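Quick notes on the structure that follows.
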Amino acid sequence: MEKNWYVIHTYSGYENKVKTNLEKRVESMGMQDKIFRVVVPEEEETDTKGGKKKVVKKKVFPGYVLVEMIMTDDSWYVVRNTPGVTGFVGSAGAGSKPTPLLEEEVSAILKRMGVDLIELDFDFELNEAVRIKEGPFANFVGTIQEIEMDKQKVTVLVDMFGRETPVELDFSQIEKI
1 MEKNWYVIHT YSGYENKVKT NLEKRVESMG MQDKIFRVVV PEEEETDTKG
51 GKKKVVKKKV FPGYVLVEMI MTDDSWYVVR NTPGVTGFVG SAGAGSKPTP
101 LLEEEVSAIL KRMGVDLIEL DFDFELNEAV RIKEGPFANF VGTIQEIEMD
151 KQKVTVLVDM FGRETPVELD FSQIEKI
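Its first residue numbered 1, the sequence shown is counted upward by one per residue in full-length UniProt numbering.
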């Protein structure tokens, strides 16, 4: 079975709720080996109101959520029956399996969001000590505080000036000690 990206349809304005609901269902139903990433395509825009600039996240495709998964009857059922999901895009009718997105399409969408599709063997865990390989904090050692798989970023606590400071890094910027 192959891992592919699919598009699910939801009510406009409920995309983040559907993402949260689906991630909770994946966890509670033990589907982590079939459903990998849930992404609400967003991009940052600068709004100016009253002379003040504010960066806001806008939905690239309102009413749609991307899901990286291996399509099986079980994984289809979990996604399809998640509260807020109205269906899969590219499904020919009742009970039929949807058509996956092409890798180029997904890559273009994620790149627009500032996320690379590069599949990295990410073999790190929370609270693991790591060395920063590049950037302004190169050769610093820290502890992984947070892992964001969908953005391929980690937050590492680095000891600077006598206190721990969180630093957000790409997966490629850290290595095991």
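Even for Gly, the Cβ is constructed at its ideal location relative to N, Cα and C.
All values derive from a computational prediction rather than experimental measurement.
Assuming residue i is part of the alpha helix (DSSP H), what are its boundary residues?
| i | result |
| --- | --- |
| Ala108 | Glu103 to Met113 |
| Thr99 | Taken as a continuous stretch (DSSP letters only), Thr99 belongs to no alpha helix (DSSP H), as it is neither H nor E. |
| Leu22 | Glu15 to Ser28 |
Smallest Cα separation from residue i: which of the options?
| i | options | result |
| --- | --- | --- |
| Asp73 | Gln145, Met31, Gly84 and Glu146 | Met31 |
| Phe161 | Asn4, Met71 and Phe140 | Phe140 |
| Arg37 | Asn81, Phe171 and Asn4 | Asn4 |
CB-CB under 6 Å to residue i, same chain, minus the five flanking residues each way: which ones, in chain order?
| i | result |
| --- | --- |
| Pro83 | Asn21 |
| Ile109 | Pro41 |
| Pro62 | Ser12 |
| Glu23 | Val38 |
| Ile70 | Met1, Lys3 and Lys34 |
Tell me which residue opens and which closes the beta strand (DSSP E) that residue i is part of.
| i | result |
| --- | --- |
| Asp170 | Arg163 to Asp170 |
| Val78 | No beta strand (DSSP E) contains Val78, which is instead part of the alpha helix (DSSP H) from Asp73 to Arg80. |
| Met31 | From DSSP, Met31 is part of no beta strand (DSSP E); its letter is neither H nor E. |
| Asp47 | Glu42 to Lys49 |
| Met1 | Unbroken run through Met1: none, as it is neither H nor E. |
| Met149 | Neither: Met149 is in no beta strand (DSSP E) and is coded neither H nor E. |
| Phe137 | From DSSP, Phe137 is part of no beta strand (DSSP E); its letter is neither H nor E. |
| Glu175 | Ile174 to Lys176 |
| Glu68 | Tyr64 to Ile70 |
| Phe88 | Val85 to Phe88 |
| Val130 | Ala129 to Ile132 |
Report the CB separation of residue i from residue j in whole angstroms; it is logged as a contact under 8 Å.
| i | j | result |
| --- | --- | --- |
| Ile174 | Val156 | 7 Å |
| Asn127 | Ile144 | 6 Å |
| Leu102 | Ile132 | At roughly 35 Å, the Cβ-Cβ gap does not stay under 8 Å, so Leu102 and Ile132 are not in contact. |
| Glu44 | Val55 | 5 Å |
| Val60 | Arg112 | 6 Å |
Express the C-alpha separation of residue j and residue i in angstroms, rounding to a whole number.
| i | j | result |
| --- | --- | --- |
| Glu15 | His9 | 9 Å |
| Met29 | Trp76 | 13 Å |
| Ile163 | Arg80 | Here the sequence assigns Arg to residue 163, which means Ile is not the residue at that position. Approximately 46 Å between the Cα atoms of the pair. |
| Tyr6 | Asp123 | 25 Å |
| Gly135 | Thr165 | 16 Å |
| residue 183 | Glu125 | The structure shown does not extend to residue 183, since the chain is modelled only from 1 to 177, so the question has no answer here. |
| Lys34 | Val154 | 23 Å |
| Lys97 | Met149 | 26 Å |
| Lys49 | Gln152 | 32 Å |
| Glu104 | Gly51 | 39 Å |
| Met1 | Thr86 | 25 Å |
| residue 183 | Val78 | Within the shown structure, residues of the chain are numbered from 1 to 177, placing residue 183 beyond reach of any answer. |
Below 7 Å CB to CB, which residues in the same chain sit around residue i once its five sequence neighbours on both sides are set aside?
| i | result |
| --- | --- |
| Ala129 | Val141, Thr143 and Ile177 |
| Lys17 | Gly84 |
| Thr99 | Gly90 |
| Lys53 | Thr46 |
| Phe137 | Val158 and Val167 |
| Lys58 | Glu42, Glu43 and Glu45 |
Taking 8 Å as the limit between beta carbons, can you name the residues of its chain near residue i, skipping five residues before and five after?
| i | result |
| --- | --- |
| Lys19 | Val38, Val39, Val40 and Val65 |
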